[in-house]
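In what follows, a single structure is set out as structure tokens and then discussed.
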Amino acid sequence: MNNIFSSITLGDYQLSNRIFMAPLSRGRAVENGVPNAMMAEYYAQRASAGLIIAEATAVAKQGLGWMNAPGIFNDEQQDGWKNIADAVHEKDGRIFVQLWHMGSTVHPDFLDGELPVSSSAVKQKGSLTTPKGRDREFAVPRALTKTEIGNVVQQFVDSARRAIDSGLDGVEIHGANGFLVDQFTRDGINQREDEYGGSIDNRLRFMMEIVNAVCYEIGSGKVGIRLSPSNKVWGIKDSNPKATFSRAVTLLNEFNLAYVHILEPKPETGDPMADADYLTPVLRENYRGNLIINGGYNKKTGNEALANSEAEAIVFGTPFISNPDLVERFQADAALTQPDNTTFYTSEAKGYTDYAFMAV
Ligand SMILES: Cc1cc2nc3c(=O)[nH]c(=O)nc-3n(C[C@H](O)[C@H](O)[C@H](O)COP(=O)(O)O)c2cc1C
Numbered sequence: 255m256n257n258i259f260s261s262i263t264l265g266d267y268q269l270s271n272r273i274f275m276a277p278l279s280r281g282r283a284v285e286n287g288v289p290n291a292m293m294a295e296y297y298a299q300r301a302s303a304g305l306i307i308a309e310a311t312a313v314a315k316q317g318l319g320w321m322n323a324p325g326i327f328n329d330e331q332q333d334g335w336k337n338i339a340d341a342v343h344e345k346d347g348r349i350f351v352q353l354w355h356m357g358s359t360v361h362p363d364f365l366d367g368e369l370p371v372s373s374s375a376v377k378q379k380g381s382l383t384t385p386k387g388r389d390r391e392f393a394v395p396r397a398l399t400k401t402e403i404g405n406v407v408q409q410f411v412d413s414a415r416r417a418i419d420s421g422l423d424g425v426e427i428h429g430a431n432g433f434l435v436d437q438f439t440r441d442g443i444n445q446r447e448d449e450y451g452g453s454i455d456n457r458l459r460f461m462m463e464i465v466n467a468v469c470y471e472i473g474s475g476k477v478g479i480r481l482s483p484s485n486k487v488w489g490i491k492d493s494n495p496k497a498t499f500s501r502a503v504t505l506l507n508e509f510n511l512a513y514v515h516i517l518e519p520k521p522e523t524g525d526p527m528a529d530a531d532y533l534t535p536v537l538r539e540n541y542r543g544n545l546i547i548n549g550g551y552n553k554k555t556g557n558e559a560l561a562n563s564e565a566e567a568i569v570f571g572t573p574f575i576s577n578p579d580l581v582e583r584f585q586a587d588a589a590l591t592q593p594d595n596t597t598f599y600t601s602e603a604k605g606y607t608d609y610a611f612m613a614v
């Protein structure tokens, strides 16, 4: 029976364990979204993860609305990612990067006052920090034209190409958490009347076009996707998440992806993101490939989920922030360090690369 320490073949790769690191935005790319030496050190420290899924990384300036988040749309950024890939490979790790377009949650402050884009001109509830201050409320976006949709698909392809050329092992398409792909998927936001809106298949067209084009460019064994069917962040909602996301994974069966990644805490975790209608089991039934799951897991519940064949691997987020050697700590049944959430998004090494390894 598999446990979190069992090796696994995932797409093009043989991975040494099933303890994966979740994408975690940390806001350390302070110079023009270029990954720096401190980030290379941080990821290398965590290289014993079976797979690192590096933080959400913008495919275009238009999609970047998070302070000091990295990008992967110019040569300088690509070179920065090369240093990270080299540092992780030096420690025998494997690393994908999460490709991200924030859509309507990009504040105009990041766009020289221009409006952000989305599936429809529907404002999301909420605010983010921008160069002009904290809690800057989201604007009403403008709907992408069909030509522009094609351009965004191409931005995902170009970024995936850059990721592979930089030496990263693959990409995870960010289809979760209320960002642009999710803004097309869910009918609480998508009100289009063309072939990108209306029926479930129409709303999933944007996602599938990205997946198809990225797989064509770099090979499906280097591509994963993240979905968050019950996440209602920034008021995003769908009239029938069960039908929408079951259909999504059914369509994704056609691509032979490295994995589908579901962020959905179980109701019993009490996580505010959890929903009584826990959909992962339904998605598991409909998806034939590798499913990896995230949301409040620890060693015990992760092993239980694998023993029950709920997924092929477990993805850990916050535990990896404060335990660079999480895999070794799980092996030793050692105590875990608790993360300090006041340093999650600060720009310094404190709370980033200075979490201690176990004493040996
Ligand atoms: C500081 C922080 C940054 C995050 N950044 C991202 C991100 O870049 N992309 C993403 O899909 N999820 C992001 N998340 C969500 C995590 O990937 C993960 O889903 C969440 O922490 C739940 O997993 P956990 O209970 O193991 O921590 C972030 C969460 C935190 C706490």
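The sequence shown runs 255 to 614 under my numbering.
Don't be surprised by glycine CBs; every beta carbon is placed ideally from N, CA and C.
Any chance the CB of asparagine 552 is under 6 Å from a heavy atom of ligand 1? Looking up residue 552 in the sequence shown gives position 298. Taking the Cβ of asparagine 552 as the reference point, every heavy atom of ligand 1 lies at 6 Å or farther away.
Would you decide whether arginine 388 is buried or exposed? Buried here means 16 or more other CB atoms lie within 10 Å of its CB. By one-based count along the sequence shown, residue 388 stands at place 134. The residue in question, arginine 388, is exposed, as its Cβ has fewer than 16 Cβ neighbours within 10 Å.
If you draw a straight line from the alpha carbon of lysine 377 to that of isoleucine 443, how long is it in whole angstroms? If you number the sequence shown from 1, residue 377 lands on position 123. If you number the sequence shown from 1, residue 443 lands on position 189. In this model, lysine 377 and isoleucine 443 are separated by some 8 Å (Cα to Cα).
Alpha carbon to alpha carbon, how far is asparagine 562 from isoleucine 546? Here residue 562 is taken as the residue at index 308 of the sequence shown, counted from 1. Here residue 546 is taken as the residue at index 292 of the sequence shown, counted from 1. Rounded to the nearest whole angstrom, the CA to CA distance from asparagine 562 to isoleucine 546 is 13 Å.
Could you name the residues that DSSP lists as bridge partners for isoleucine 262? As a working mapping, residue 262 is identified with position 8 in the sequence shown. Among the bridge pairs identified by DSSP, isoleucine 262 is matched with Leu269.
On the CB-based measure, 16 or more other CB atoms within 10 Å of its CB, does glutamine 268 come out buried or exposed? For the purposes of this step, residue 268 is taken as residue 14 along the sequence shown, with counting starting at 1. Here glutamine 268 is exposed. Its C-beta has fewer than 16 other C-beta atoms within 10 Å.
Do arginine 501 and isoleucine 454 have their C-beta atoms closer together than 7 Å? One-based indexing of the sequence shown puts residue 501 at position 247. One-based indexing of the sequence shown puts residue 454 at position 200. For arginine 501 and isoleucine 454, yes; Cβs fall inside 7 Å.
Nearest candidate by alpha-carbon position, reference threonine 401, set Glu449, Gly432, Arg440 and Gly380: Counting from one through the sequence shown, the residue named residue 401 turns up at place 147. When each option's Cα is compared against that of threonine 401, the closest is Glu449.
Local conformation of methionine 292 per DSSP, three classes: On the sequence shown, position 38 is the one that residue 292 refers to. Here methionine 292 sits in helix by DSSP.
Can you tell me whether asparagine 577 is helix, strand or coil according to DSSP? Translated into positions along the sequence shown, residue 577 becomes position 323. Correct three-state label for asparagine 577: coil.
Counting pairs of beta carbons, one from the region 321 to 336 and one from the region 286 to 299, are three or more of them closer than 8 Å? They touch, by the three-pair rule.
How should threonine 615 be labelled, buried or exposed, when 16 other C-beta atoms within 10 angstroms of its C-beta is the threshold for buried? Since the first residue shown for the chain is 255 and the last is 614, residue 615 is missing from the structure and cannot be characterised.
Enclosing alpha helix (DSSP H) for alanine 565 [first to last residue]: Within the sequence shown, the letter at position 311 stands for residue 565. That residue, alanine 565, is in no alpha helix (DSSP H); it is neither H nor E in DSSP.
Short of 6 Å in beta carbon distance, which residues of its chain neighbour alanine 341, apart from the five on each side in sequence? Order them along the chain. As a working note, residue 341 is residue 87 in the sequence shown. Within the same chain, alanine 341 has close Cβ partners Ala294 and Ala298.
In this structure, does DSSP put valine 614 in helix, strand or coil? Indexing the sequence shown from 1 puts residue 614 at position 360. Valine 614: coil per DSSP, three-state reduction.
Reference histidine 343, options Ala276, Val514, Gly421 and Phe410, closest by Cα: In the sequence shown, counting from the first residue as 1, residue 343 sits at position 89. For the residues Ala276, Val514, Gly421 and Phe410, the minimum Cα distance to histidine 343 belongs to Gly421.
Name, in chain order, the residues that DSSP records as bridge partners for tryptophan 354. To locate residue 354, count along the sequence shown from 1; it is residue 100. Note: tryptophan 354 sits in a beta bridge opposite Ala312.
Please list the terminal residues of the continuous beta strand (DSSP E) segment that includes threonine 607. Residue mapping note: residue 607 aligns to position 353 of the sequence shown, counting from 1. Secondary structure note for threonine 607: it is in no beta strand (DSSP E), with a DSSP letter that is neither H nor E.
Could you tell me whether the Cβ atoms of isoleucine 472 and isoleucine 427 are closer together than 7 Å? Counted from its first residue, the sequence shown places residue 472 at position 218. Counted from its first residue, the sequence shown places residue 427 at position 173. No, Cβ-Cβ distance for isoleucine 472 and isoleucine 427 is not below 7 Å.
Answer yes or no: the CB of leucine 517 versus the heavy atoms of ligand 1, is any distance below 6 Å? In the sequence shown, counting from the first residue as 1, residue 517 sits at position 263. Leucine 517: yes, Cβ under 6 Å from ligand 1.
Between which two residues does the alpha helix (DSSP H) carrying threonine 596 extend? Counting from 1 along the sequence shown, the entry for residue 596 is found at position 342. Where threonine 596 is concerned, there is no enclosing alpha helix (DSSP H), given that its DSSP letter is neither H nor E.
In angstroms with no decimal places, state the Cα-to-Cα distance between glutamate 368 and asparagine 290. If you number the sequence shown from 1, residue 368 lands on position 114. If you number the sequence shown from 1, residue 290 lands on position 36. The straight-line gap from Cα to Cα measures roughly 29 Å.
Is there at least one non-hydrogen atom of ligand 1 closer than 6 Å to the beta-carbon of threonine 572? For the purposes of this step, residue 572 is taken as the residue at position 318 of the sequence shown. Yes.
Does the pairing of the region 533 to 552 with the region 512 to 520 give three or more beta-carbon distances under 8 Å? Enough Cβ pairs lie closer than 8 Å, so yes.
Starting from tyrosine 470, trace the beta strand (DSSP E) in both directions and tell me its first and last residue. Along the sequence shown, one-based indexing puts residue 470 at 216. From DSSP, tyrosine 470 is part of no beta strand (DSSP E) but of the alpha helix (DSSP H) over 459 to 472.
Under the rule that 16 or more other beta-carbon atoms within 10 Å means buried, what is alanine 414, buried or exposed? Position 160 of the sequence shown, counting from 1, holds the residue named residue 414. Classification of alanine 414: buried, given that the 10 Å Cβ count is 16 or more.
In whole angstroms, what separates the C-alpha of arginine 396 from that of valine 569? Taking the first residue of the sequence shown as 1, we reach residue 396 at position 142. Taking the first residue of the sequence shown as 1, we reach residue 569 at position 315. If you draw a straight line from the Cα of arginine 396 to the Cα of valine 569, it is about 35 Å long.
My output table needs one value for threonine 384: the three-state DSSP class, helix, strand or coil. On the sequence shown, residue 384 is found 130 positions in, with the first residue counted as 1. Strand, per DSSP.
Mind reading off the beta-carbon distance from arginine 348 to leucine 278? Whole number of angstroms is fine, and I expect it under 8 Å. Indexing the sequence shown from 1 puts residue 348 at position 94. Indexing the sequence shown from 1 puts residue 278 at position 24. Contact flag wrong, Cβ pair sits at about 17 Å.
For aspartate 423, the nearest candidate out of Ala588, Asn577 and Trp335 (CA to CA): On the sequence shown, residue 423 is found 169 positions in, with the first residue counted as 1. Ranking Ala588, Asn577 and Trp335 by Cα distance to aspartate 423 puts Trp335 first.
Answer yes or no: the CB of alanine 276 versus the heavy atoms of ligand 1, is any distance below 6 Å? What you label residue 276 is simply residue 22 of the sequence shown in a count that begins at 1. Indeed, a heavy atom of ligand 1 lies less than 6 Å from the Cβ.
CB of phenylalanine 364 within 7 Å of CB of glycine 319, strictly: What you label residue 364 is simply residue 110 of the sequence shown in a count that begins at 1. What you label residue 319 is simply residue 65 of the sequence shown in a count that begins at 1. Less than 7 Å divides the Cβ of phenylalanine 364 from the Cβ of glycine 319.
Less than 6 Å between the CB of glutamate 309 and some heavy atom of ligand 1, yes or no? The count along the sequence shown starts at 1 and reaches residue 309 at position 55. Glutamate 309 Cβ: within cutoff of ligand 1.
Buried versus exposed, by CB contacts within 10 Å (16 or more), phenylalanine 574: Sequence index remark: in the sequence shown, residue 574 carries index 320 (1-based). The residue in question, phenylalanine 574, is buried, as its Cβ has 16 or more Cβ neighbours within 10 Å.
Three-state class that DSSP yields for arginine 542 in the structure shown: Walking along the sequence shown from the start, residue 542 turns up at place 288. Here arginine 542 sits in coil by DSSP.
Quick one: which unbroken beta strand (DSSP E) runs of 3-plus residues sit fully inside the region 473 to 523? Chain order, please. Within the region 473 to 523, the beta strand (DSSP E) runs of at least 3 residues that lie entirely inside it are, in chain order, 477 to 481 and 513 to 517.
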